[in-house]
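Right, one structure below, let's go through it.
Number of protein chains: 2
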Amino acid sequence: MNQTTEDKIKEAALRVFIQKGYDRCSSREIAREAGMNVALVNYYFRSKSKLFAIIFESVMQDFLKSLVQVFGSALPIREKIKILIEREFEFLSQHPDIPNFVINELSRNPEVSKDILPTLEKIYESGVFEEAKKLQATGEMRKMDLVQVTILILSNCQYPFMAAPLMKVVHGVSSETYLHLLQSHREHAVNMVLGYLFPNDNSIPS
Amino acid sequence: MNQTTEDKIKEAALRVFIQKGYDRCSSREIAREAGMNVALVNYYFRSKSKLFAIIFESVMQDFLKSLVQVFGSALPIREKIKILIEREFEFLSQHPDIPNFVINELSRNPEVSKDILPTLEKIYESGVFEEAKKLQATGEMRKMDLVQVTILILSNCQYPFMAAPLMKVVHGVSSETYLHLLQSHREHAVNMVLGYLFPNDNSIPS
DNA sequence: ACATTTATTAAACAATTGTTTAAAACAGAG
DNA sequence: CTCTGTTTTAAACAATTGTTTAATAAATGT
């Protein structure tokens with residue numbers, strides 16, 4: 001508990017912003033969550049929106065961390081994709097509401113995305129896209145736009161967590177049951193995506 | 207333009223609610239969009255939340271319509287899934303922000319989902335789940351929880367539209383380019399999902 | 001034509017919002 | 001202790017929120 005007031009506000013803001021979004025929470029709620037007066041929030045961060053920008057950027061770093069690390073590694077591309085999916089499931093198990101948060105705030109105010117461009121550069125510099133193009137040229141990897149490859153991978157990682165409220169209603173399952181289902185879903189995501197992207201591999205799944 | 211005042215409010219509310227969500231818009235904004243006074247909104251619908259409940263329920267009907275219709279049809283299950291995916295892409299092309307809207311509002315207030323239970327009943331009554339279980343027993347269909355089957359299908363339909371703001375930032379593509387990509391993505395979704403759910407089918411894709 | 005219900009408006013209500021101000025509590029240095 | 005700068009607080013600010021009220025306009029029936 002040896003953290004500074006500034007950090008206490010940041011932690012509270014992180015919790016509140018992610019859980020409720022920028023517009024659905026008030027400065028006073030953040031202050032209350034941090035156990036202090038409202039004015040302190042503006043004393044340290046000048047405004048709610050400036051505080052949000054700081055929080056959002058750090059969330060984005062976390063959100064893209066696996067992507068940058070895995071794609072920047074020296075593994076073969078199949079391994080990259082497999083590990084990326086597994087890491088995503090791990091991350092999302094602990095932060096299931098971050099994808100919704102990120103997408104909502106990006107569409108609310110596209111300007112907040114400016115800060116993450118340097119992070120994205122790292123992915124491009126990793127050469128993973130050139131690697132993929134080569135494998136596509138030899139026919140080893142299915143030919144499709146690399147944007148679609150990203151969509152394919154992230155669809156099967158993030159959506160299952162994002163859609164939890166919907167799925168629980170549609171299938172009438174409890175939160176615990178659903179989270180348990182998602183654990184076994186990870187392998188399906190890996191097998192399906194790899195099987196589709198590399199149709200010549202004979203993994204003979206189950 | 208022969209529509210009643212009540213309908214004008216409903217239409218305006220539909221647009222505003224879907225685009226911005228319940229909390230990010232005001233009663234006055236809805237009234238302005240409908241071209242009339244604020245008090246009329248409450249005159250016809252008693253409160254913002256009651257108006258929202260009506261709008262949300264009708265959106266949910268649209269949102270689940272394909273699911274109910276296709277699963278309730280007499281087609282073999284492979285055709286059901288194929289047509290469902292194609293219908294979803296068609297629907298989402300015209301209403302790309304409905305999935306985000308539905309999921310956000312469901313997690314904001316899970317109570318709003320009470321009204322759709324009768325609609326969901328129709329899906330269960332269609333017998334599609336029993337049909338799937340039979341095919342799983344014969345080994346023709348991959349064995350996995352049917353909740354996961356739903357996740358698998360909807361992941362590859364809804365996420366690509368939901369994640370548009372994120373993908374546009376990550377890959378630096380324009381809205382037009384992205385929407386065009388999604389069109390060709392539909393076939394990938396069909397082939398991948400069917401290929402994974404029915405591994406013995408030799409569709410020999412591309 | 002008049003009377004009565006319905007539809008619409010402008011204005012006001014209290015509550016909450018983000019932000020600022022001015023004063024108090026606290027800290028450390030001399 | 002005293003001075004000085006930093007941290008924290010309560011109070012106030014104007015703006016906006018959902019909702020209500022009371023008055024006006026339009027429509028309806030007789």
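For the protein sequence lines, the chains are A and B, in the order given.
Each residue of the first sequence is one higher than the one before, starting from 1 at the first, in our numbering.
Each residue of the second sequence is one higher than the one before, starting from 207 at the first, in our numbering.
Backbone N, C-alpha and C define an ideal beta-carbon position, used for all residues, glycine too.
Computed from a predicted structure; not experimentally measured.
Cβ-Cβ separation, residue j to residue i (assumed contact under 8 Å), whole Å
{"i": "HIS394 (chain B)", "j": "LEU152 (chain A)", "result": "7 Å"}
{"i": "ARG24 (chain A)", "j": "ASP229 (chain B)", "result": "5 Å"}
{"i": "PHE404 (chain B)", "j": "ARG284 (chain B)", "result": "6 Å"}
{"i": "ARG142 (chain A)", "j": "TYR196 (chain A)", "result": "7 Å"}
{"i": "TYR44 (chain A)", "j": "SER361 (chain B)", "result": "Wrong, their Cβ atoms sit about 40 Å apart, outside the cutoff."}
{"i": "ILE18 (chain A)", "j": "ILE98 (chain A)", "result": "6 Å"}
{"i": "LEU246 (chain B)", "j": "THR211 (chain B)", "result": "7 Å"}
{"i": "GLU88 (chain A)", "j": "SER66 (chain A)", "result": "6 Å"}
{"i": "MET398 (chain B)", "j": "MET192 (chain A)", "result": "6 Å"}
{"i": "MET373 (chain B)", "j": "THR150 (chain A)", "result": "7 Å"}
{"i": "LEU75 (chain A)", "j": "ILE116 (chain A)", "result": "Rounded, the Cβ-Cβ distance is 24 Å, inconsistent with contact."}
{"i": "ASN406 (chain B)", "j": "GLU317 (chain B)", "result": "Not confirmed; about 44 Å, so no contact."}
{"i": "ALA137 (chain A)", "j": "LEU146 (chain A)", "result": "Going by Cβ atoms, the distance from ALA137 (chain A) to LEU146 (chain A) rounds to 13 Å, so no, they are not a contact pair."}
Three-state class that DSSP yields for residue i in the structure shown
{"i": "TYR228 (chain B)", "result": "coil"}
{"i": "PRO199 (chain A)", "result": "coil"}
{"i": "GLU97 (chain A)", "result": "What sits at residue 97 (chain A) in the sequence shown is Asp, not Glu. ASP97 (chain A): coil per DSSP, three-state reduction."}
{"i": "PRO282 (chain B)", "result": "coil"}
{"i": "ASP351 (chain B)", "result": "coil"}
{"i": "ALA369 (chain B)", "result": "coil"}
{"i": "MET242 (chain B)", "result": "coil"}
{"i": "ASN109 (chain A)", "result": "coil"}
{"i": "GLN389 (chain B)", "result": "helix"}
{"i": "GLN209 (chain B)", "result": "coil"}
{"i": "VAL274 (chain B)", "result": "helix"}
{"i": "GLU29 (chain A)", "result": "helix"}
{"i": "SER381 (chain B)", "result": "helix"}
{"i": "GLU125 (chain A)", "result": "helix"}
{"i": "ARG87 (chain A)", "result": "helix"}
{"i": "THR138 (chain A)", "result": "coil"}
{"i": "ARG46 (chain A)", "result": "coil"}
{"i": "VAL396 (chain B)", "result": "helix"}
{"i": "LEU14 (chain A)", "result": "helix"}
{"i": "SER412 (chain B)", "result": "Low confidence applies here, because SER412 (chain B) scores a pLDDT of 49, under 50, leaving its location unreliable and the question unanswered by this model."}
Contact between the segment 172-187 of chain A and the segment 368-387 of chain B (3+ Cβ pairs under 8 Å): no
Closer than 8 Å is the cut-off here; do at least three beta carbon pairs connect the segment 25-33 of chain A with the segment 84-92 of chain A? no
When the Cβ atoms of the segment 151-169 of chain A are set against those of the segment 301-312 of chain B, are three or more pairs found closer than 8 Å? yes
For the pair the segment 252-260 of chain B and the segment 325-334 of chain B, tell me if three or more CB-CB distances fall below 8 Å. no
Three Cβ pairs or more, each shorter than 8 Å: is that satisfied between the segment 331-340 of chain B and the segment 268-286 of chain B? yes
Report yes or no: do three or more beta-carbon pairs, one from the segment 237-250 of chain B and one from the segment 262-270 of chain B, lie closer than 8 Å? no
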